[in-house]
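Take the sequence shown: its position 40, counting from 1, is numbered 40 in the numbering used here, and each next residue is one higher. Using N, Cα and C, we set each Cβ at its ideal position, and we do this for glycine too. One structure is given below, encoded as structure tokens.
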Amino acid sequence: MSIELSRREVLQAVAAGCVVGMTADLARGHGEPPGPGGCVSGTMTGAQALVDTLLTEGVECVYGIPGAQDNELWDSMKSRGLGYLLCTHEFSAACMADGYARTKGKPGVLCVVPGPGVTNCLTGIGEALLDSIPMVVIVTDIAQGDKYRPYQLHALPNVALLQPVTKCVLAVQEACQIPAMVRQAFCLARSGEPGPVGVVIPFPLYIQTAKFSCPPPCLPEVPFDEAAFQRALSMLSNRRCRVGIYAGLGCMDYGPALAQVAELLQAPVATSVSGKGCIPENHPLAVGWGYGGQGTRTAEKVFKDVDLVLAIGVRYSEVSTASYAIPSHPVIQVDINRDNLGAIVKPCVCVHADAGVFLGKLLENEACLRRPCNGKLIGEIGALRRVDYQKNSEVYATCGVDPMQLVLALRRCLCPEALLFVDVTAAEHWAAEAFHVCLPRTYFNPTDNQVMGWSIGASIGAQRVNPGRTVVTITGDGCFLMSAMEISTAARECLPVKFFVIDDQAYHIMQVLQKPAYLRTTATILARLDYGALARGLGVGYQEILSNDCLEAGIRGALECPGPMLVRVAVDYGKRPMRWTEAAKKQYTKELTTQQKARFLARIGARAVHVRKEND
Ligand SMILES: Cc1ncc(C[n+]2csc(CCOP(=O)(O)OP(=O)(O)O)c2C)c(N)n1
Ligand SMILES: [Mg+2]
């Protein structure tokens, strides 16, 4: 597009200050960009003010795809030195921002156009909402207010579309509101239980010039229910009471305090899936994930001897508990979100508090909490963990790689700092059990929206802002088919993610759920893909691992390659048992009425005599 201005128009524009933004941009080329935590100030355009706001919020990279409405914004990002990553689909943009947020512990940002840009990213934003991941979604909207006209391009109700998948949506109406509203969005995304926040900005505001002065917002108060804390303290002070700690994502940044509290109470620590890493899983009191039939055998056994569960920053979600199969203990629940308290378990004490503040307060009361070292418990945990390892090391596969061996071999080959993204494959449950995580923010799984294909975008987004870290995905072939094109972004940007694809040409987890209930499978068989050709087409390296014997060498070979790699792992799921599905099935069956059970059994009985194979 070329814009021609007469000399008179140029002079008029200068007089009106319209080229201030342009000169500000030019100056920025030589000057310092605004630093994190600073003030957004100066006379500039709405687009420049938005970029400066993102810089002051410490944003390292923005993910998305430009469109007619927001080219002005992308151009400003480039001029002002804000990092950006072009993706191939807005679903990935949301997953990338999610990967950024999970690894960095701060809001990830995506910028999308209205209409299809918004609808494409809703699935990924939904994952962030259900998994408590801070995210700021910047949507450039169609013209509104006095610039509104009917039949504009992408004129879907963008604010309304975002509302169900975000904590809230802020609709900007004037250019001068941009910095304050974007900063408010960051604040809301981070505060309380984190989550995604939308900011919708009509595109004409990007080219309006205004004088801005926006200091950092005041930090919101962190809740702390002192009375409930005292009740919890008095229960925890009873030295005859054997406490077990169940820690979730809310504890992720308070690992040292959590370990200290566990040592004071001599309490075993189990985590939710998203809490993996908040205590090193090689800590003598760590028992792994879950504490019911779905989690590690160690956790299940050790928690049988627990009198009181102290649940901190954890929600007892359906996935984490295998359909709410929760052993019955008295529970003290601590959460920053009042709505989570008592939502699933009925605690004897609910403490509305931030996990870090709560743990800090417990440490201030260490004298009344301290138990003597429980050598017997620590010895038992050690022995059970060894048995778990032995059981996990048993090989069930007969004609391919055993998925559990892939998990264990990856653990052996990856350094503790490596970032592992696990997708919605059957293997996620084995990884949760057997991939021991020793550092916070190194193990990631889309837990509560279970969005297939998430790991590909999330890992690429994370690698972009974690250069030098090893980044690996475990994804199923079904998940891969949902977002594989995004691997071309890793190739284009030389982001050396190693994508391990578990190839069984099926939705295995659906087969595991369907077979016992229906005695047949329906809609679970996938295409046979030529992964080598795909890798070539996408521009990444390729490796195949076909058997357990070459597993470790294959993994090390892939890790040693400097660029992105697609690694096809030909798995044989065989008859490997899955604790998660067994626990979920048991719980599901328990909740059926007698009539429903009879109907299920009659159907199975009728099908059992059917000789014709009716799979897929
Ligand atoms: C977007 C989306 N669609 C459907 C599902 C339901 N679902 C969960 S797991 C799964 C199959 C996963 O298959 P694959 O990636 O091949 O992993 P496998 O179970 O074979 O290891 C399906 C269809 C989902 N979670 N997300
Ligand atoms: Mg599969």
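Setting aside the 5 residues that flank it on each side, residue 388 is surrounded in the same chain by 288, 296, 297, 298, 433, 434, each with a C-beta closer than 8 Å to its C-beta; the list follows chain order. Secondary structure at residue 135: strand, using DSSP grouped into helix, strand and coil. Between residue 460 and residue 489, the gap from beta carbon to beta carbon is short of 7 Å. Annotation for residue 52: the continuous alpha helix (DSSP H) segment containing it runs 46 to 56. Distance from the CA of residue 369 to the CA of residue 265, rounded to the nearest whole angstrom, comes to 6 Å.
When the five nearest sequence neighbours on each side are left out, the beta carbons in the same chain lying within less than 7 Å of the beta carbon of residue 242 are those of 305, 306, 307, in order along the chain.
If one requires a minimum length of 4 residues, the alpha helix (DSSP H) runs lying completely within the stretch 366 to 430 are 366 to 369, 375 to 393, 403 to 413, in chain order. For residue 196, the number of other beta carbons within 10 angstroms of its own is at least 16, and it is reported as buried. In the DSSP annotation of this structure, residue 272 is not part of any alpha helix (DSSP H), being labelled neither H nor E. At least 7 Å separates the beta-carbon of residue 127 from that of residue 112. A distance filter of 6 Å between CB atoms and the heavy atoms of ligand 1 selects the following residues in sequence order: 424, 425, 426, 427, 450, 451, 452, 476, 477, 478, 479, 502, 504, 506, 507, 508, 509, 510. Counted as a single uninterrupted DSSP element, the stretch harbouring residue 523 is not any beta strand (DSSP E), since DSSP gives it neither H nor E. For residue 76, the enclosing alpha helix (DSSP H) covers residues 71 to 79. Between residue 141 and residue 114, the beta carbon gap of about 5 Å places them in contact (Cβ cut-off 8 Å). If you ignore the 5 residues before and after residue 281, its C-beta comes within less than 7 Å of the C-beta of 288, 436, 437, 438, all in its own chain and listed in chain order. Less than 7 Å divides the Cβ of residue 580 from the Cβ of residue 294. According to the DSSP assignment, residue 83 belongs to no alpha helix (DSSP H), since it is labelled neither H nor E. Under the DSSP definition of a beta bridge, residue 568 partners with 501, 544. In the structure shown, residue 335 adopts extended strand secondary structure according to DSSP, grouped into three states.
With contacts defined by Cβ atoms closer than 7 Å, residue 61 and residue 83 form a contacting pair.
Assignment of beta-bridge partners to residue 473 by DSSP yields 421, 499. Per DSSP, residue 212 is one residue of the beta strand (DSSP E) stretching across 209 to 214.
Membership of residue 245 in the beta strand (DSSP E) is indicated by the continuous run 243 to 247. For a cut-off of 8 Å, the C-beta gap from residue 247 to residue 312 is around 5 Å, short enough to register as a contact. By the neighbour-count criterion, in which 16 or more other beta carbons inside 10 Å mark a residue as buried, residue 592 falls on the exposed side. Note that the stretch 544 to 562 does not touch the stretch 378 to 386; fewer than 3 beta-carbon pairs, one per stretch, sit closer than 8 Å.
As DSSP reads the structure, residue 289 sits in a beta bridge with 271. Comparing C-alpha distances from residue 527 to each of 54, 477, 336, 427 shows the shortest one belongs to 477.
Every alpha helix (DSSP H) of 4 residues or more that sits fully in the stretch 277 to 327 is shown, in chain order, as 297 to 304. Scanning its chain for C-beta atoms nearer than 6 Å, with the 5 sequence neighbours on each side dropped, one finds around residue 64 the residues 93, 110, 111, 112, in chain order.
For residue 429 and residue 510, the gap between their C-alpha atoms comes out near 14 Å.
Selection 331, 536, 132, 215 evaluated against residue 274 yields 132 as nearest (Cα-Cα). For residue 63, the uninterrupted beta strand (DSSP E) run begins and ends at 62 to 64, by DSSP.
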